[in-house]
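Numbering (this note's numbering), first residue to last: 1 to 254.
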Ligand code: SF4
């Protein structure tokens, strides 16, 4: 049994509680132009050509290989309250493989978090629901047309899946990536806040904009439309927070 994997990253500290190993599943059904993992979007292997070296991203790995890699850091999970996060790409496009691996992690007592954009069939959510300890769920916009035209995402499907998780009592950590010109205008923020409030979300985490993926776009020979867009200043983040806090409790990822 195999899964299509882009990368396995050890000692992740931004993908859930404690020290975690993040497994990046390869392939995504969305096309966010700010994506900082563009090499994980196509399901097929892809070559990144850096000035000093080239590397191929993407390979089919056997379940045993993935688990052996994960288990290298088992002692750190126990000591830090960490575990494993399945991310991507969109991990839930490989729900069967993810659930298979998740069952093994559960049997070993290792915590699993799922990082998803939520635009997936409901049965993919159902397959992981009993196996995941918590969910990192991205909510990018409440503007149905903009979300569809710019990211190729379906708002109704995302919200149905979010509701599905909440109704099942899942531990959902909602995250809003702050993208200049896409979702940070006051009207966009208020629309997001009002929508989240209606969905029953009480807390959300803001992910400040960054350009850490720029070298990957260069290595892939792809244009990066956010090359000259600066990260948000502390004042801008504070403005965004203030608007959203009228609707939900907000924290900002450091
Ligand atoms: S959903 Fe995530 S992985 Fe997929 S394109 Fe958007 S930012 Fe990239």
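A virtual CB, placed ideally from N, CA and C, is assigned to each residue, including glycine.
Just the C-alpha distance for residue 148 and residue 204, rounded to the nearest angstrom, thanks. On the chain shown, residue 148 is found 148 positions in, with the first residue counted as 1. On the chain shown, residue 204 is found 204 positions in, with the first residue counted as 1. Looking at the two C-alpha atoms, the distance is approximately 22 Å.
Could you say which of 186, 81, 105, 125 lies nearest to residue 15 if we only look at CA atoms? Along the chain shown, one-based indexing puts residue 15 at 15. It is 81 whose Cα lies nearest to the Cα of residue 15.
Does the segment 38-53 come within contact of the segment 214-223, defined as at least 3 CB pairs closer than 8 Å? yes
Going straight from the alpha carbon of residue 125 to that of residue 146, what length do you get? As a first step, residue 125 must be located in the chain shown, where it is residue number 125. As a first step, residue 146 must be located in the chain shown, where it is residue number 146. Answer to the nearest angstrom: the Cα atoms are 24 Å apart.
With hydrogens ignored, establish whether the beta-carbon of residue 212 is closer than 6 Å to any heavy atom of the ligand SF4. On the chain shown, residue 212 is found 212 positions in, with the first residue counted as 1. Not so, every heavy atom of the ligand SF4 lies at least 6 Å from the Cβ.
Suppose contacts are defined by Cβ-Cβ distances below 7 Å. Is residue 3 in contact with residue 24 by that definition? Residue numbering aside, residue 3 sits at position 3 when the chain shown is read from its first letter. Residue numbering aside, residue 24 sits at position 24 when the chain shown is read from its first letter. Remark: C-beta atoms of residue 3 and residue 24 do not approach each other more closely than 7 Å.
With a threshold of 6 Å (Cβ to nearest heavy atom), would residue 6 be considered close to the ligand SF4? Taking the chain shown and counting its residues from 1, the one referred to as residue 6 is at position 6. No - the ligand SF4 has no heavy atom lying nearer than 6 Å to the Cβ of residue 6.
Contacting residues, own chain, Cβ-Cβ under 6 Å from residue 141 (five flanking each side not counted): Translated into the one-based positions of the chain shown, residue 141 becomes position 141. The answer, listed in chain order, is 147, 183.
Of the residues 96, 156, 115, the one placed nearest residue 171, counting alpha carbons only: Walking along the chain shown from the start, residue 171 turns up at place 171. Among 96, 156, 115, the Cα nearest to that of residue 171 belongs to 115.
Classify residue 177 as buried or exposed, calling it buried when 16 or more other Cβ atoms lie within 10 Å of its own Cβ. In the chain shown, the residue the question calls residue 177 occupies position 177. When all chains shown are included, residue 177 counts as buried.
Give me whichever residues DSSP pairs with residue 86 in a beta bridge. Counted from its first residue, the chain shown places residue 86 at position 86. The partner list for residue 86 (beta bridge, DSSP) reads 23, 114.
Is any beta-carbon of chain D found at less than 7 Å from that of residue 230? You won't find chain D in this structure, because it holds only one protein chain.
CA-CA distance, residue 139 and residue 50? In the chain shown, the residue the question calls residue 139 occupies position 139. In the chain shown, the residue the question calls residue 50 occupies position 50. Taking the straight line from one Cα to the other gives about 32 Å.
Quick one: grab the DSSP three-state call for residue 129. Start at 1 with the first residue of the chain shown, and residue 129 comes out as number 129. Looking at residue 129 - three-state DSSP - the assignment turns out to be coil, as it is neither helix nor strand.
Where does residue 203 fall in DSSP's three states? In the chain shown, residue 203 corresponds to position 203, counting from 1. Correct three-state label for residue 203: strand.
Considering residue 79, what are the terminal residues of the alpha helix (DSSP H) in which it resides? For the purposes of this step, residue 79 is taken as residue 79 along the chain shown, with counting starting at 1. 74-80 is the extent of the alpha helix (DSSP H) around residue 79.
Nearest-angstrom Cβ-Cβ length linking residue 174 and residue 196, presumed shorter than 8 Å: Residue numbering aside, residue 174 sits at position 174 when the chain shown is read from its first letter. Residue numbering aside, residue 196 sits at position 196 when the chain shown is read from its first letter. That pair is a contact at about 7 Å.
Residue 117: beta carbon under 6 Å from a heavy atom of the ligand SF4? The count along the chain shown starts at 1 and reaches residue 117 at position 117. Checking every heavy atom of the ligand SF4 against the Cβ of residue 117, one is found closer than 6 Å.
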